[in-house]
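Below is one structure, written out as structure tokens; comments come after it.
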Amino acid sequence: MTARSSGTIILAATLGFAFLYLPIALLVLYSFNASRLVTVWGGFSTKWYAAMLENQSLLDAAWVTIRVGAVSATVALVLGTMAALALVRYGRFRGRGLFVGMVSAPLVMPEVITGLSLLLLFVALEWARGYWTIVIAHITFSMAYVAVVVQARLISFDTAIEEAAQDLGAPPLRAFFEITLPLIAPAMIAGWLLAFTLSLDDLVIASFTTGPGATTLPMKIYSSVRLGVTPEINAVCTVLIGAVTMGVIIASLSIKRETYPDRRRPGMVS
Amino acid sequence: MQPKSGTKGRRIAIAIPYVWLAVFFLAPFLIVLKISLSEPAVSIPPYLPLFEWTVGADNEERALSFFATAANFATLFADGLYANALVSSLKIAAIATIVALIIGFPMAYAIARAPDRFRHILLFLVILPFWTSFLIRVYAWIGILKTEGFLNLALRGVGVIDSPLTILYTDVAVYIGIVYTYLPFMILPIYAVLVRMDQSMIEAAIDLGCRPIRAFWLITVPLARPGIIAGCLLVFIPAVGEFVIPDLLGGSETLMIGHTLWVEFFNNRDWPLASAVALVLLVLLLAPMVYLRRYQLRTWSFEKP
Chain A
1 MTARSSGTII
11 LAATLGFAFL
21 YLPIALLVLY
31 SFNASRLVTV
41 WGGFSTKWYA
51 AMLENQSLLD
61 AAWVTIRVGA
71 VSATVALVLG
81 TMAALALVRY
91 GRFRGRGLFV
101 GMVSAPLVMP
111 EVITGLSLLL
121 LFVALEWARG
131 YWTIVIAHIT
141 FSMAYVAVVV
151 QARLISFDTA
161 IEEAAQDLGA
171 PPLRAFFEIT
181 LPLIAPAMIA
191 GWLLAFTLSL
201 DDLVIASFTT
211 GPGATTLPMK
221 IYSSVRLGVT
231 PEINAVCTVL
241 IGAVTMGVII
251 ASLSIKRETY
261 PDRRRPGMVS
Chain B
1 MQPKSGTKGR
11 RIAIAIPYVW
21 LAVFFLAPFL
31 IVLKISLSEP
41 AVSIPPYLPL
51 FEWTVGADNE
61 ERALSFFATA
71 ANFATLFADG
81 LYANALVSSL
91 KIAAIATIVA
101 LIIGFPMAYA
111 IARAPDRFRH
121 ILLFLVILPF
131 WTSFLIRVYA
141 WIGILKTEGF
151 LNLALRGVGV
161 IDSPLTILYT
171 DVAVYIGIVY
181 TYLPFMILPI
191 YAVLVRMDQS
201 MIEAAIDLGC
211 RPIRAFWLIT
221 VPLARPGIIA
231 GCLLVFIPAV
241 GEFVIPDLLG
251 GSETLMIGHT
261 LWVEFFNNRD
271 WPLASAVALV
281 LLVLLLAPMV
291 YLRRYQLRTW
301 SFEKP
């Protein structure tokens with residue numbers, strides 16, 4: 001690479017990162033704006049955070065969202081890990097092709113289709129829509145993400161350790177809990193966090209599958225945004241961004257300690 | 001490796017996610033298909049049944065009546081709105097994908113070639129926005145793009161423009177929104193192939209008298225192809241069915257099929273027509289989805305945090 005072309009690349013990358021981060025930085029900055037006008041700086045203030053904490057319907061929505069996220073991520077973790085084991089470890093079985101398709105399709109399925117089809121299922125089954133239908137919908141799409149993450153980890157480590165444990169007389173279940181599970185644990189943590197943040201983030205699927213009484217934070221933010229940009233929503237968004245960023249940093253630091261950088265598998269670390 | 005005595009555990013580990021996906025992922029599509037063939041009605045739920053047991057006068061004779069209609073699909077193709085929305089979604093998604101590639105490739109390249117200690121931080125910086133709320137990232141652009149927003153303030157401050165540009169509520173804003181939110185999906189697969197590339201090939205080419213730019217086109221780009229294809233599909237497929245971006249950033253003339261489906265369902269309450277729209281969209285995206293599968297295991301495994 002010549003000096004000139006690497007200079008161009010660095011410039012392009014810098015602009016690219018500015019593009020990625022500037023909008024978020026502005027949003028965070030203006031959540032501390034004393035002025036109600038979103039683009040006019042009126043001095044530093046935390047009043048929008050105070051307003052946010054007094055907004056009961058916002059807090060209720062946040063609580064619903066956290067509950068949906070925690071429950072759906074946990075179930076998705078179990079189902080997704082099973083699916084990953086089935087795909088990587090359990091060889092051929094009848095209907096494997098269909099299974100592979102069903103596990104990977106939710107990753108790229110447009111949300112409007114997933115949301116609509118699940119709603120029509122719930123209507124056909126005559127289930128009351130609300131908290132639990134959102135949870136089921138979120139489990140369904142996030143288990144696919146967990147499966148992908150755990151699958152990558154399962155492929156990357158040597159099955160010989162498991163086989164050795166079994167050859168030495170460990171029952172399969174014990175070999176699984178004592179050997180396999182600790183090895184895939186970092187991927188499972190990452191998978192849970194991914195499932196949780198995806199659930200926290202979802203507007204479209206939740207809007208389709210919700211019923212009376214179950215309003216999630218994205219639905220609340222969306223309806224406020226439609227009425228106009230307000231500093232209070234900026235404050236809510238800043239809190240969410242802060243929480244997610246902290247979570248991701250903590251998770252990636254804890255995973256990094258257990259996985260070593262490998263040039264051939266760069267994604268395993270960061 | 002197959003555990004000899006673990007067949008019971010094996011069967012359970014396959015059966016539970018299998019049944020879950022069959023019930024909550026596969027079955028719903030059959031219902032969408034069923035309802036797309038039903039007639040809309042002013043009732044709860046707002047469509048007529050497709051099958052009905054007709055009971056004879058003597059309560060004995062039963063017959064299965066079948067009321068399928070292709071009217072919803074006929075409406076879909078006859079009414080220019082839906083055809084236009086489909087074409088316009090594909091166009092918007094395609095242009096946004098190309099722009100994302102143009103912005104994303106140099107970024108992926110720079111990260112792959114960065115010194116080890118920076119590489120992980122840079123990669124982390126690409127992944128972080130992907131974790132941050134999609135809705136919030138779209139929302140952040142409203143404050144930037146609106147008439148009295150940051151972009152117009154900055155451009156007027158510098159003196160580039162006299163009167164504010166109208167960007168928000170136009171297709172341009174939709175392009176910006178898609179490129180912005182899906183950029184990490186473009187960068188990560190390209191990065192994954194570039195980082196594994198053997199740098200000595202480029203050096204060999206240059207030693208043999210190849211100009212760097214030519215070496216780039218002859219060696220780097222072909223080797224990065226699987227990553228480029230995967231990245232493009234990962235941006236294109238979800239972008240076609242996008243709802244939030246055209247809804248918040250697009251204008252009244254912005255036509256996107258995901259948005260049309262939403263309006264048909266929530267505002268017009270025409271469930272059969274919405275189902276028909278969903279099916280057409282699905283069929284349209286099936287080919288790129290299957291194509292993506294071929295690259296998925298190679299690329300998705302690198303996207304995990």
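If you're matching them up, the sequences are chains A and B in order. Here the numbering used here is used: the first residue of the first sequence is 1, the next is one more, and so on. Here the numbering used here is used: the first residue of the second sequence is 1, the next is one more, and so on. The C-beta atom is built at its ideal place from N, Cα and C for all residues, glycine as well.
- A:T140 and A:V71 have their C-alpha atoms roughly 12 Å apart.
- In the DSSP assignment, A:L59 falls within the unbroken alpha helix (DSSP H) covering 56-88.
- The beta carbon of A:V112 is closer than 7 Å to those of V204 in its chain, skipping five residues each way along the sequence.
- Around the C-beta of B:Y182, 16 or more other C-beta atoms lie within 10 Å, and the residue is accordingly described as buried.
- With respect to the 9 Å criterion, B:L122 and B:M186 are not classified as neighbours on the basis of their beta carbons.
- Per the coordinates, the alpha-carbon of B:F150 lies some 29 Å from the alpha-carbon of A:V248.
- For B:L81, the closest Cβ of chain A is not nearer than 9 Å.
- Taking a C-beta distance under 9 Å as the contact criterion, A:V64 and A:A195 do not qualify as a contact pair.
- Linking A:E54 to A:M188 through their CA atoms gives a straight-line distance of about 36 Å.
- Three or more beta-carbon pairs separated by less than 8 Å are not found between the region 115-123 of chain A and the region 167-184 of chain A, which leaves the two stretches without contact.
- Bounds of the alpha helix (DSSP H) holding A:T133 are 131-156.
- In this structure, the CA atom of B:Y175 is about 9 Å from the CA atom of B:V99.
- Annotation for A:P106: the continuous alpha helix (DSSP H) segment containing it runs 96-108.
- Considered as a whole, the region 3-40 of chain A harbours 3-30 as its complete alpha helix (DSSP H) runs of no fewer than 4 residues, in chain order.
- Within the region 2-42 of chain B, the runs of alpha helix (DSSP H) at least 4 residues long that lie entirely inside it are, in chain order, 7-21, 27-36.
- Taken through DSSP and simplified to helix, strand or coil, A:Y49 comes out as helix.
- The beta carbon of A:A160 sits closer than 7 Å to none of the beta carbons in its chain outside the five residues before and after it.
- Boundaries for B:L168: no alpha helix (DSSP H) harbours it, and the DSSP string shows neither H nor E there.
- For A:S117, the enclosing alpha helix (DSSP H) has its first and last residue at 111-124.
- A:A124 is the residue among A:L15, A:A128, A:A124, A:W192 whose C-alpha sits nearest the C-alpha of B:P28.
- Cβ neighbours of A:I241 within its own chain (closer than 7 Å, five residues either side excluded): I24, V28.
- By the neighbour-count criterion, in which a residue is buried when 16 or more other Cβ atoms sit within 10 angstroms of its Cβ, B:E203 is exposed.
- By the C-beta criterion, the region 191-210 of chain B is judged not to be in contact with the region 268-286 of chain B, since fewer than 3 inter-stretch pairs fall below 8 Å.
- In the three-state reduction of the DSSP assignment, A:F196 falls in the helix class.
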